[in-house]
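Offset between the sequence shown (1-based) and our numbering: plus 218.
Yeah, the Cβ is synthetic: ideal placement off N, Cα and C, and Gly gets one too.
Structure first, then comments.
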Amino acid sequence: MILSIESSCDDSSIAITRIDDLKLVFHKKISQEREHSGFGGVVPELAARLHAIALPNILEEAKEYLPGLKAVAVTNEPGLSVTLIEGVMIAKALCLCLDIPLLPINHLKGHIYSLFIEKEAHFPLDVLLVSGGHTQVLHVKSYEDIKLLASTLDDSFGESFDKVAKMLHLGYPGGAIVESYAKEGEDRFGFTVPLKNSKNVAFSYSGLKNQTRLAIENLKDKMTQKDRNDICASFQKTAILHIITQLKKIFKYSGFKDFAVVGGASANNALRRELFEFCKKFGATLHFAPFEFCSDNAAMIGRAAVEAYKLKKFADIDNVLINPKSTF
Ligand code: KG4
Ligand code: ZN
């Protein structure tokens with residue numbers, strides 16, 4: 219079995235995955251949403267201190283599995299440096315105590331493998347990764363062969379939901395909250411779709427964030443619940459339309475057969491609906507992970523780690539690199 223640790227942002231999570239049949243034997247996650255909510259975003263040092271408490275507590279619960287471990291896997295990139303270190307230090311200590319190898323895992327690969335928890339992986343696959351830190355389209359041929367097709371020039375998709383929620387004082391993380399308000403509202407504001415007339419294949423959310431900010435400022439203290447719902451509906455509709463517009467540009471000539479959406483924001487039902495229609499039009503199949511594995515978790519890191527283990531991607535324990543800004 220492989221023990222995997224995830225601490226790249228504000229979720230402390232540990233999983234145990236059986237190598238032979240991919241079974242997820244143990245999985246626990248402690249989220250810090252409540253602790254960061256008042257700040258409207260993640261406070262890195264607070265997150266690190268909370269990981270230092272939560273991870274040993276979860277490890278205590280997984281103690282019975284330690285004798286059966288073949289390796290320890292840990293997210294080492296990308297993420298917040300001070301929180302990545304917490305997971306990496308625990309992983310190193312475990313590897314030294316148990317005399318087993320360490321597997322450093324890229325968090326974004328983890329999100330891709332969230333599609334294959336307790337399942338065999340199937341490639342090639344085109345993937346939309348939408349999270350708090352990333353908005354990317356990837357062409358994935360294998361664990362080691364991943365090509366970046368498009369990415370964001372500024373804010374990410376999930377981050378823009380968090381910022382809209384912050385401007386409306388709705389709490390953190392904003393994704394699910396903005397989605398629930400949007401469900402009750404209508405697209406009254408008609409925001410401009412970012413990069414609409416650009417030949418660039420990329421994403422950009424800072425302009426849409428500003429359009430939303432101006433709409434909020436115009437309403438000032440007169441804002442009603444209907445205004446809030448309509449702002450969220452207008453923002454969400456434009457944010458999703460932007461994704462679909464860029465995907466159309468990417469796949470107009472190349473075509474695709476299997477398309478997946480992963481990452482925390484892939485839990486958004488309106489996004490899933492639009493992607494489903496988009497794939498239907500192109501004759502492709504849409505794949506997504508179960509809701510519980512969309513946001514950060516150690517099960518996806520453990521699933522990716524099985525591939526890393528088979529490929530013998532072990533790290534020198536005295537030289538485990540932490541790369542907060544790594545990308546494909
Ligand atoms: O993958 P994840 O857990 O962490 C990162 O790797 O960043 O993604 C968290 C992000 C947050 O920005 C959160 O607001 C967003 O995913 N998110 C959503 C929804 N649920 C979570 N965004 C839009 N709609 C949602 N339903
Ligand atoms: Zn993530």
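Range of the contiguous beta strand (DSSP E) that encloses HIS505: 503-506
Neighbourhood of ALA383 by C-beta, 7 Å cutoff - its chain only, sequence neighbours within 5 removed: GLY389, TYR390, GLY392, ILE395 and VAL396
Span separating the alpha-carbon of GLU435 from that of LEU426: 14 Å
What I want to know is whether the C-beta of PRO412 ends up closer than 7 Å to one or more non-hydrogen atoms of the ligand KG4. no
SER544: CB within 7 Å of a non-hydrogen atom of the ligand KG4: no
Keeping to the same chain, check which residues put their C-beta closer than 8 Å to that of LEU302; ignore five residues upstream and five downstream. SER225, SER226, THR293, ASN294, GLU295, ILE540 and PRO542
Any non-hydrogen atom of the ligand ZN within 7 Å of ASP211 CB: The structure shown does not extend to residue 211, since the chain spans only 219 to 546, so no value can be given for it.
Got a sec? Which residues, its chain only, sit under 7 Å from ILE458 by beta carbon, not counting five neighbours each side? ALA488, LEU489 and GLU492
For GLU279, name the three-state secondary structure that DSSP assigns. helix
Quick one: does the C-beta of PRO319 sit closer than 7 Å to a heavy atom of the ligand KG4? no
Cβ-based burial, GLU404 [other Cβ within 10 Å; buried from 16]: exposed
Can you tell me where the alpha helix (DSSP H) with ILE458 in it begins and where it stops? 443-472
Should SER222 be counted as a contact of the ligand ZN given a C-beta to heavy atom distance under 7 Å? no
Near ALA309, which residues of its chain fall below 6 Å by C-beta distance, leaving aside the five closest residues on each side in sequence? ILE223, VAL290, VAL292 and LEU320
Quick check: the Cα distance between VAL524 and ASP448, rounded to an integer number of angstroms? 45 Å
Nearest to MET219 by alpha carbon, out of ASP229, SER231, SER230 and PHE244? PHE244
State the DSSP-derived secondary structure class of PRO274, mapped to helix, strand or coil. helix
For ARG521 and ASP239, what's the separation of their Cα atoms in angstroms? 11 Å
Given ILE248, which residues of its chain have a CB within under 6 Å of its CB, disregarding the five upstream and five downstream residues? SER230 and ALA272
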